[in-house]
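J.:
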Amino acid sequence: GAKAAARLRPGCGGGEGDSDAGGEEDRLWPIDNLGGVPAVVEPLWRGPIARMSASGSDDDDVAADLNALLVTHVKPLQKTIKKQTARIEKLEKLCAGLEKQVKADAETKETLTKQVSELASGLSSLRDRIEERPWREDLKRLKSDVEEPVARMREAVDEQRVQLSAHAQVFQSTQSTVVAQAHSISTLQTETSEAARRSEAEHMALSMRLDQLRGELAENARQGQQDVRSHCDSQLGRLQQDLLRLEHS
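The UniProt record's numbering numbers the first residue of the sequence shown as 1 and each following residue consecutively.
1. Within 8 Å, do at least three Cβ pairs link the segment 129-142 to the segment 210-218?
2. Roughly how many angstroms lie between the CA atoms of L91 and E99, to the nearest whole one?
3. Would you check if the segment 106-118 and the segment 230-248 touch, i.e. whether three or more CB-CB distances between them fall below 8 Å?
4. Within 10 angstroms of its Cβ, does residue 257 collect 16 or more other Cβ (buried), or is it exposed?
5. Buried or exposed: where does A218 fall if 16 or more other Cβ atoms within 10 Å of its Cβ makes it buried?
6. What residues in its chain sit with their C-beta under 8 Å from that of L239, if we drop five residues either side in the sequence?
7. CB-CB under 7 Å to H167, same chain, minus the five flanking residues each way: which ones, in chain order?
8. Hey, how far is the Cα of R245 from the Cα of E110?
9. According to the Cβ coordinates, are V157 and A196 closer than 8 Å?
10. Take the Cβ of A96 as the centre, count every other Cβ of all protein chains shown within 10 Å, and call the residue buried at 16 or more, exposed below.
11. Inspect the CB distances between the segment 187-207 and the segment 218-227 and report whether three or more fall short of 8 Å.
12. Just tell me which of T72, R127, K83 has its CA closest to the CA of Q226.
13. Am I right that S199 and M153 are in contact with their C-beta atoms under 8 Å? What's the rounded C-beta distance?
14. Taking only three categories from DSSP, how would you classify P134?
15. Rounded to a whole number of angstroms, what is the C-alpha to C-alpha distance between V102 and R214?
16. Of all the beta strand (DSSP E) runs that stay within the bounds of the segment 145-209, which reach a length of 3 or more residues?
Here it is, written out as structure tokens:
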């Protein structure tokens, strides 16, 4: 056993030549491709086996040397390789998980950026729509609908006045005609007054309705702008927080 251990130690052969050979062969060699065995192990058994063959050692000594070699060098290296392999696999899994997380974060960021862009586009479109004031056409149409009956009523009143003037001239021709026409004029004046009163009431009602509609439109526009601004500020704040969280993560 002592003899085998002496042969395994570098530079402890039979003479000076063995010492030089052992020192030369105990260098760290690169990884060997033969069977996946690290080349650093090769100088550990090549020198001793060569020396044992040269000295005429028997099979028992060779087996003892090889067993000592396995226990002393190969098995610890195998354990180290196994641990490093497990560590490498663990690191590879961790890298794969990190790459997957980075990809998911990038997709989420891209989605949020797209949503922010769509929201900004919608806000711009809504702002342009509000600035165009589409209710102006409705106001013009309503004003036209109100003015047209008033104009017709004025024409009717003017026509009645002309007729009254003609009736007055006829009244002057005959007394009976004057009495009859006076009664007709009284009736016509009553109708005209009632029509004028109704027209004035309708005009006032339409004016009040127009003012009410204007107020409602202005309030709706103001409330709509406020709701849109509040909603947009809330959404933008939330999206900015998400983007900041993604950037910090």
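Ideal placement from N, C-alpha and C gives every residue a C-beta, glycine not left out.
T.: So, from the data block:
1. yes
2. In the sequence shown, counting from the first residue as 1, residue 91 sits at position 91. In the sequence shown, counting from the first residue as 1, residue 99 sits at position 99. Rounded to the nearest angstrom, the two C-alpha atoms are 12 Å apart.
3. Counting Cβ pairs under 8 Å, three or more are found: they touch.
4. Only positions 1 to 249 of the chain appear in the structure, and residue 257 is not among them; the question remains open.
5. As a first step, residue 218 is located in the sequence shown; it is residue number 218 there, counting from the start. Per the 10 Å Cβ criterion, exposed.
6. If you number the sequence shown from 1, residue 239 lands on position 239. If we look at L239 and ignore the five residues flanking it on each side, its Cβ neighbours are L112, Q115, V116, L119.
7. Position 167 of the sequence shown, counted from the first residue, corresponds to residue 167. Excluding sequence neighbours, H167 sits near Q181, S184, I185.
8. Numbered from its first residue, the sequence shown carries residue 245 at position 245. Numbered from its first residue, the sequence shown carries residue 110 at position 110. Answer to the nearest angstrom: the Cα atoms are 14 Å apart.
9. As a working note, residue 157 is residue 157 in the sequence shown. As a working note, residue 196 is residue 196 in the sequence shown. Contact flag set, yes.
10. Here residue 96 is taken as the residue at index 96 of the sequence shown, counted from 1. A96 sits exposed, since fewer than 16 C-beta atoms from the chains shown fall within 10 Å of its C-beta.
11. no
12. Here residue 226 refers to the residue found at position 226 of the sequence shown. Residue R127 is the option with its Cα nearest to Q226.
13. In the sequence shown, residue 199 corresponds to position 199, counting from 1. In the sequence shown, residue 153 corresponds to position 153, counting from 1. Indeed they touch by this definition, with Cβ atoms about 5 Å apart.
14. Walking along the sequence shown from the start, residue 134 turns up at place 134. If DSSP states are grouped into helix, strand and coil, P134 belongs with coil.
15. In the sequence shown, counting from the first residue as 1, residue 102 sits at position 102. In the sequence shown, counting from the first residue as 1, residue 214 sits at position 214. Cα to Cα, the separation comes out at about 55 Å.
16. none
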